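Note that the sequence shown covers residues 1 to 99 in our numbering. Reading through the structure tokens given below for one structure.
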Amino acid sequence: MTEDRGPDETALQVLISGRVQGVGYRAWCEETATSLGLSGWVRNLRSGEVEAVFSGEARAVKAMVAQCGEGPKWGWVRNVKIVREVAPLAGPFKVKASV
1 MTEDRGPDET ALQVLISGRV QGVGYRAWCE ETATSLGLSG WVRNLRSGEV EAVFSGEARA
61 VKAMVAQCGE GPKWGWVRNV KIVREVAPLA GPFKVKASV
């Protein structure tokens, strides 16, 4: 579901690489994004990367992207790449099935 973008709303698609699968990264991402009031989703990719879309207030999205570089305790992040700006999403942040 998408909705009209507010004046301070943004949505970014990001790719996170490193040791980010099998370490609770998606659960950490869902918890952190939810605490920042963001919508969107996160999923594992066959490549070993994690893909996510963060949607909400621009300041919160920026904070989330920055926190992705830290990740959960057992993870190790090599790179957080902003792929592109996407249409904003509404609703709760969710973990999607791996692809």
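Each residue gets a CB set at the ideal place from its N, CA and C atoms; glycine is no exception. Keep in mind that this is a model prediction, so the values were computed, not measured.
A direct Cα-Cα distance of roughly 9 Å separates T10 from L89. Annotated as proximal: S17 and R78, with beta-carbon spacing under 8 Å.
For the pair G48 and Q21, the CB atoms are nearer than the 8 Å cut-off. Take the alpha-carbon of W74 and the one of G24: they are about 8 Å apart.
With a beta-carbon spacing of about 6 Å, L36 and A63 fall inside the 8 Å limit used to define contacts. The shortest CA-to-CA distance from A33 to any of V80, F54, N44, V50 is the one to F54.
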